[in-house]
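Each remark here refers to the structure printed beneath this line.
Chains as they are written, first to last, in the numbering used here: chain A, 147 to 606; chain B, 212 to 258.
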């Protein structure tokens with residue numbers, strides 16, 4: 147058995163994640179044996195897994211260990227698609243924050259506490275956040291403050307507060323600050339009115355000042371006489387929860403939220419597009435579909451009728467938020483709305499650029515959808531069609547792509563205020579570019595519209 | 212503990228917990244005063 151250690155799993159010496167023979171494992175190291183065994187014995191894992199809050203796992207034999215330091219080996223349930231906080235919508239980040247606090251409260255009730263509160267400990271599965279770090283728990287010692295309080299604030303509260311009270315685009319700071327947006331930066335960027343809200347005053351503004359005041363001080367020295375009993379800690383967690391819950395964001399006024407992407411389609415053409423898409427996808431029977439430019443996920447749901455897992459990417463935070471609320475409200479399974487700017491997709495980042503995976507490294511998907519998208523890339527963003535084809539061929543094995551001609555009102559709109567420097571943007575030019583990387587399996591005009599839908603397979 | 216808890220964050224929690232406990236006490240005092248006054252009026256109405 148050859149174990150391949152997850153390159154993002156190195157910070158915590160208590161254990162690590164690895165794959166071997168196609169299966170995913172987590173090794174618990176001997177240094178963490180006592181804490182792990184206590185947690186198992188307490189019933190906390192079973193309790194959290196039964197509630198659907200913690201990724202379920204089974205204990206496997208030590209013969210599957212990756213290194214001699216192993217105390218135990220567990221096999222957690224696999225998550226279909228790993229997503230990162232900087233790809234989540236406001237609501238997704240908020241739900242992940244609430245889950246983290248609920249897990250902390252439940253752990254405290256059984257005499258345990260979260261050792262960390264990283265947003266990367268949460269993943270999404272079937273419309274729900276799921277805590278994935280089984281080794282995040284240690285025994286609670288009465289009187290001790292919560293070591294992960296600052297991490298929680300920087301990973302969750304700062305970005306949520308900025309997105310809610312300053313600008314939704316502040317969420318993108320998370321991609322720069324992988325270990326959370328620094329609390330002093332958060333405090334400096336927040337509007338003045340946030341000083342009048344108790345939660346943000348205490349957990350962000352005063353927190354920023356306290357960390358600066360005690361910078362470099364010894365925790366033991368400054369907290370020596372001060373104790374935080376369990377009741378106080380529960381009050382703190384409850385107050386954090388209230389603060390997180392009180393933050394809101396209304397998705398409106400951004401690019402796509404109140405704009406039906408296909409408003410130039412007639413009802414008949416829209417029905418034809420759905421029918422064509424379903425037929426094309428059914429013929430290739432994909433397991434995973436990535437819908438690029440999914441908007442609020444109208445066609446992602448058509449894809450979901452065929453495929454068990456559909457990731458709905460869009461660059462507009464409002465569209466992603468509306469999509470997530472719909473997924474959440476309808477308890478829809480197999481759909482994950484994420485924020486992604488195709489002109490600047492999630493890179494490989496973190497230590498040695500291996501900690502967090504690029505979008506491409508999480509693929510390729512079985513099928514890629516690019517509906518009403520090609521004109522945004524080729525015309526609004528000047529990407530040559532050949533480069534579009536080349537990039538798509540790396541992301542998905544098959545492709546359903548919609549050709550949007552220059553005569554389409556949406557393309558006319560894009561060209562309204564600029565010279566037409568796109569002589570190759572023709573249906574022939576499109577086919578010429580894409581057949582360099584793809585074989586066209588089928589194509590058809592979409593109902594009575596000017597657009598066409600293509601089914602293509604990437605050449606190996 | 213493998214993350215830096217930050218001394219300021221640790222001290223602040225104790226202070227916040229104190230503030231929250233004081234707020235909770237104030238609220239419960241306020242609620243019981245309110246109940247007491249409401250009780251007085253109710254009794255008067257009953258007469």
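Think of the CB as a built atom: it goes at the ideal place given N, C-alpha and C, for glycine as much as any other residue.
Buried or exposed, going by whether 16 or more other CB atoms sit within 10 Å of the CB of residue i?
{"i": "residue 485 (chain A)", "result": "buried"}
{"i": "residue 296 (chain A)", "result": "buried"}
{"i": "residue 381 (chain A)", "result": "buried"}
{"i": "residue 346 (chain A)", "result": "buried"}
{"i": "residue 237 (chain B)", "result": "exposed"}
{"i": "residue 245 (chain B)", "result": "exposed"}
{"i": "residue 175 (chain A)", "result": "buried"}
{"i": "residue 581 (chain A)", "result": "exposed"}
{"i": "residue 597 (chain A)", "result": "buried"}
{"i": "residue 549 (chain A)", "result": "buried"}
{"i": "residue 309 (chain A)", "result": "buried"}
{"i": "residue 453 (chain A)", "result": "buried"}
{"i": "residue 394 (chain A)", "result": "exposed"}
{"i": "residue 489 (chain A)", "result": "exposed"}
{"i": "residue 177 (chain A)", "result": "exposed"}
{"i": "residue 220 (chain A)", "result": "buried"}
{"i": "residue 220 (chain B)", "result": "buried"}
{"i": "residue 240 (chain A)", "result": "buried"}
{"i": "residue 432 (chain A)", "result": "buried"}
{"i": "residue 378 (chain A)", "result": "buried"}
{"i": "residue 408 (chain A)", "result": "With a pLDDT of 46 at residue 408 (chain A), under the threshold of 50, the predicted position of this residue should be treated as unreliable, though the coordinate-derived value follows. Buried: at least 16 other Cβ atoms inside 10 Å."}
{"i": "residue 212 (chain A)", "result": "buried"}
Look up residue i in the DSSP assignment and say whether it is helix, strand or coil.
{"i": "residue 549 (chain A)", "result": "strand"}
{"i": "residue 309 (chain A)", "result": "helix"}
{"i": "residue 346 (chain A)", "result": "helix"}
{"i": "residue 459 (chain A)", "result": "strand"}
{"i": "residue 590 (chain A)", "result": "strand"}
{"i": "residue 243 (chain B)", "result": "helix"}
{"i": "residue 542 (chain A)", "result": "strand"}
{"i": "residue 220 (chain B)", "result": "helix"}
{"i": "residue 359 (chain A)", "result": "helix"}
{"i": "residue 286 (chain A)", "result": "coil"}
{"i": "residue 165 (chain A)", "result": "strand"}
{"i": "residue 276 (chain A)", "result": "strand"}
{"i": "residue 411 (chain A)", "result": "coil"}
{"i": "residue 276 (chain B)", "result": "Residue 276 (chain B) is absent from the structure shown; chain B starts at 212 and stops at 258."}
{"i": "residue 568 (chain A)", "result": "coil"}
{"i": "residue 90 (chain A)", "result": "This structure gives no information on residue 90 (chain A), because the portion of chain A shown stretches from 147 to 606."}
{"i": "residue 596 (chain A)", "result": "coil"}
{"i": "residue 323 (chain A)", "result": "coil"}
{"i": "residue 260 (chain A)", "result": "strand"}
{"i": "residue 156 (chain A)", "result": "coil"}
{"i": "residue 609 (chain A)", "result": "An answer regarding residue 609 (chain A) cannot be provided, because it is not within the stretch 147 to 606 covered by chain A."}
{"i": "residue 295 (chain A)", "result": "helix"}
{"i": "residue 253 (chain A)", "result": "helix"}
{"i": "residue 519 (chain A)", "result": "coil"}
If I'm right that residue i touches residue j with Cβ under 8 Å, what's the distance once you round it to whole angstroms?
{"i": "residue 439 (chain A)", "j": "residue 519 (chain A)", "result": "4 Å"}
{"i": "residue 172 (chain A)", "j": "residue 222 (chain A)", "result": "6 Å"}
{"i": "residue 327 (chain A)", "j": "residue 350 (chain A)", "result": "Wrong, their Cβ atoms sit about 10 Å apart, outside the cutoff."}
{"i": "residue 262 (chain A)", "j": "residue 214 (chain B)", "result": "5 Å"}
{"i": "residue 247 (chain A)", "j": "residue 386 (chain A)", "result": "6 Å"}
{"i": "residue 204 (chain A)", "j": "residue 166 (chain A)", "result": "In fact, because the Cβ distance is near 15 Å, the residues do not count as touching under 8 Å."}
{"i": "residue 531 (chain A)", "j": "residue 570 (chain A)", "result": "6 Å"}
{"i": "residue 232 (chain A)", "j": "residue 321 (chain A)", "result": "4 Å"}
{"i": "residue 463 (chain A)", "j": "residue 575 (chain A)", "result": "Not quite, the Cβ-Cβ distance comes to about 33 Å (not below 8 Å), so this is no contact."}
{"i": "residue 249 (chain A)", "j": "residue 270 (chain A)", "result": "The pair is not a contact, with the Cβ atoms about 15 Å apart (cut-off 8 Å)."}
{"i": "residue 390 (chain A)", "j": "residue 512 (chain A)", "result": "With a Cβ gap of about 36 Å, residue 390 (chain A) and residue 512 (chain A) do not count as contacting."}
{"i": "residue 473 (chain A)", "j": "residue 273 (chain A)", "result": "5 Å"}
{"i": "residue 285 (chain A)", "j": "residue 184 (chain A)", "result": "6 Å"}
{"i": "residue 557 (chain A)", "j": "residue 521 (chain A)", "result": "5 Å"}
{"i": "residue 419 (chain A)", "j": "residue 529 (chain A)", "result": "Actually they do not touch by this definition, with Cβ atoms about 23 Å apart."}
message: Threshold first: 3 residues or longer. Then list the beta strand (DSSP E) segments lying entirely within the segment 167 to 234 of chain A, N to C.
response: Uninterrupted beta strand (DSSP E) stretches at least 3 residues long and entirely within the segment 167 to 234 of chain A occur at 169 to 175, 203 to 206 and 216 to 222, given in chain order.
> Going along the chain, which residues of the segment 216 to 238 of chain B sit with their C-beta nearer than 9 Å to a C-beta in chain A?
Replying inline: Contact annotation: in the segment 216 to 238 of chain B, residues whose CB is within less than 9 Å of a CB in chain A are 216, 217, 218, 219, 220, 221, 222, 223, 224, 225, 226, 227, 228, 229, 230, 231, 232, 234 and 235.
Checklist entry - Taking any Cβ of chain B, which residues in the segment 466 to 482 of chain A have a Cβ under 9 Å from it, in chain order? => result Per Cβ criterion, the list is empty.
Practice problem: Within the segment 469 to 512 of chain A, note down every full beta strand (DSSP E) run reaching 3 residues or more, in order along the chain. | Solution: You should have 481 to 485.
Please go through the segment 419 to 450 of chain A and give each complete beta strand (DSSP E) segment of 3 or more residues, from N-terminal end onward.
Those beta strand (DSSP E) runs which fall completely within the segment 419 to 450 of chain A and span 3+ residues are 434 to 438.
- Task: With 9 Å as the C-beta to C-beta threshold (strictly closer), list the residues of the segment 147 to 172 of chain A near chain B in chain order.
- Result: So the list reads 157, 158, 159 and 160, given in the order they occur along the chain.
> For the segment 479 to 511 of chain A, which residues have a beta carbon sitting closer than 9 Å to at least one beta carbon of chain B?
Replying inline: Correct list: empty, as no residue qualifies.
- Query: Using Cβ-Cβ distances below 7 Å, what residues of the segment 287 to 302 of chain A are close to chain B?
  - Reply: Result list: 291, 292, 293, 294, 295, 296 and 297.
- May I ask you to list, following chain order, the residues of the segment 515 to 531 of chain A that have a beta carbon less than 8 Å from some beta carbon of chain B? Going along the segment 515 to 531 of chain A in chain order, one finds no residue with a Cβ nearer than 8 Å to chain B.
### Query
If you measure beta-carbon to beta-carbon, which residues of the segment 545 to 569 of chain A are closer than 7 Å to chain B?
Here the close residues number zero.
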